[in-house]
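In the UniProt record's numbering, the protein residues as written are 1 to 674.
Positions of the beta carbon are idealized from the N, C-alpha and C atoms, including for glycine.
This report refers to the structure that appears directly beneath it.
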């Protein structure tokens, strides 16, 4: 018998990072294992398009009653059985639809069965006993190595029968793929294991993540959820009856006024289906009509509601609509992150669905309250459109005049740049109260945009104090202490505006780059006299790139009046010189990998930023080793800039317990509301 060559399999290679794992400390061993595990999510991320395609192929079959049959050997087989066992109780799905088979039978779940993974006949026998329906059933073969004979035989047999086939492997160019017996191949390449060949580690984790995504996605697609809440529940015992009541009351506010007895009666009338009972309560329509809409929507409640609303919209004109006239308003929570560079809005409904939108800058100090209201409106309209894409009868999100009629904004959290300026706060609160039809009070909380980001400090269980450092168009830092779970501001540094401060901001970097370019241009003019010389021939690459960013061609002559161009130019938004300067910062950061002047500019900016942070570090308020540093703002999202900053803080012996980057301030604030 020919010797089996496994050397080409990525899972069998030796991991260079763990060659000395048997002699390092236990702590170092755990750290290296954890670091290797952290790479698995990236491997799965590369497979997302194929996983999505697989979900779309499997879901219609499951909806029609087909089965998902998991087959594998050893660890792969156990993972398949685990997923098949967890889906039915998690999603109230029939256990007969999710079948897990392991080579060697159920005894192999606990005790390894020698030789069974190499058996072709056993594979065929196991599948034959299931009497598969090719038009409905899907066979999912799992093999970390991509070459397990038992799995290959199962897939070959299923393909010959005409079933949909899916293969999961942890190597690229697997035999599963090469044999051509699968309709969808998911190769999650996790690389060499910490312990060579021990595929229960990274390969096992990657396989479990793929299975989680695949089965969860299928269940969502067949209508098991409304938003992120489970609604396909059968109230079959006391615990499930109470859970059913809770689900309905959380998604339909008027159900809170209905007694348990009447709610149970409604669920019973709907055959124990929480989803159907919920739809009748949300719409006021008869059970039969809701059943028809759900069937038309493939069991997906959100789609069924859209169909019903579209039908009602068409029928209202002739008076035949069966949808109740007093349709409930859609309750939404909203968070606004109104900064100097952009306004971002995130909103969510009672089901947990989220919509996002963005518009232009809305710093009240720069543009005034009227402009702020316009920008917030535009971002909110975009977020509403994202939450509910325009469909016939569903255009409510795009028409501001319909907000009061169709939407109840229940909670507003707004972080607005310029809010702390004297006399401004009351004007902003009044404008937002009018825009969202909500009274000024506890459900409308407005602060400056930095306080909004402080909610990220509240998520840290160990940190009781923290600093939020924002570096975008401008810069500012604020310190906080967590009291009763809420971050309370204790200090402020910077935020003086472009004229007096904003050190370390995009404006600061852009201004220094513009100054350097103007200085270099003056020197070039003085050195060339009256001769015509192109900019590219006498200026550094950084200066040329800065001028191109200012829309001055590298082929222009050194006599070009750059200063006047800068001082008189306006952006498309009619905004200030501040935004124009800030737009130069990314160019400088990109050049900092090779240009000495760019490096110098970034170092000076970081010195300014670190100095701002340092002013807030005090024994009585913020001790870095016990505090969290929250970084936010368009500029500080740059990994290059963060590296410069953290290195500078390290030089100053300012080391925080943890450093987090807030990528989406509006979403962070929204999560604190829901």
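- The DSSP assignment places 107-110, 120-128 as complete runs of the alpha helix (DSSP H) inside the region 83-131, in order along the chain (cut-off: 4 residues).
- Rounded to the nearest angstrom, the gap between the Cα atoms of residue 112 and residue 185 is 27 angstroms.
- The beta carbon of residue 275 is closer than 6 angstroms to those of 231, 232, 301 in its chain, skipping five residues each way along the sequence.
- The beta carbons of residue 482 and residue 458 sit closer together than 8 angstroms.
- The C-alpha of residue 107 is placed about 22 angstroms away from the C-alpha of residue 201.
- Residue 542 sits in a helix when the DSSP states are folded into three classes.
- Residue 641 sits in a helix when the DSSP states are folded into three classes.
- Residue 486 sits away from residue 477, with the two beta carbons spaced by 8 angstroms or more.
- With fewer than 16 neighbouring CB atoms inside 10 Å of its own CB, residue 239 falls in the exposed class.
- Inter-residue distance for residue 153 and residue 123 is about 6 angstroms (C-alpha atoms, whole angstroms).
- The beta carbon of residue 331 sits closer than 7 angstroms to the beta carbons of 253, 349, 350, 408, 410 from its chain, once the five residues preceding and following it are set aside; these are given in chain order.
- Cβ-Cβ distances below 6 angstroms link residue 470 to 450, 476, 632, 633 in the same chain, with the five nearest sequence neighbours on each side left out; the list follows chain order.
- For residue 654, no alpha helix (DSSP H) run applies, since DSSP gives it neither H nor E.
- Note: residue 285 is not bridge-paired with any residue in the DSSP secondary-structure output.
- Short of 7 angstroms from the beta carbon of residue 214, and not among the five residues preceding or following it, lie these beta carbons of its own chain, in chain order: 51, 54, 55.
- Closest by C-alpha distance to residue 666, out of 161, 247, 342, 114, is 342.
- Counting along the chain, the unbroken beta strand (DSSP E) around residue 331 starts and ends at 330-338.
- Comparing C-alpha distances from residue 335 to each of 104, 462, 436 shows the shortest one belongs to 436.
- Residue 387: member of the alpha helix (DSSP H) spanning 364-387, first to last residue.
- Here residue 519 carries a helix assignment [DSSP, helix/strand/coil].
- For residue 30, the enclosing alpha helix (DSSP H) covers residues 26-37.
- Residue 285 is classed as buried because its beta carbon has at least 16 other beta carbons within 10 Å across all chains shown.
- Between residue 447 and residue 415 the beta-carbon gap is near 6 angstroms, inside 8 angstroms, which marks them as a contact.
- Collapsing the DSSP output to three states places residue 507 in a helix.
- Residue 445 is bridged by DSSP to 413.
- Ranking 499, 613, 261, 503 by CA distance to the CA of residue 601 puts 503 first.
- Between the C-alpha atoms of residue 307 and residue 212 there is a straight-line separation of about 30 angstroms.
- For residue 658 and residue 629, the gap between their C-alpha atoms comes out near 6 angstroms.
- Contact check for residue 140 and residue 70: beta-carbon distance about 5 angstroms, within the 8 angstroms limit, so the pair qualifies.
- Distance from residue 524 to residue 668 at the Cβ level is roughly 47 angstroms; contact not present, criterion being Cβ atoms closer than 8 angstroms.
- In this chain, residue 636 is not harboured by any alpha helix (DSSP H), its DSSP state being neither H nor E.
- Put simply, the backbone Cα of residue 223 is about 35 angstroms away from that of residue 173.
- Around the Cβ of residue 39, a 10 Å sphere holds fewer than 16 other Cβ atoms; the residue is exposed.
- The beta carbon of residue 440 sits closer than 8 angstroms to those of 429, 430, 433, all from its chain and outside the five residues before and after it, given in chain order.
- Separation of the CB atoms of residue 136 and residue 217 is rounded to 19 angstroms, and the pair is thereby denied contact status at 8 angstroms.
- Note on the region 174-218: whole beta strand (DSSP E) runs with a minimum of 3 residues are 184-187, in chain order.
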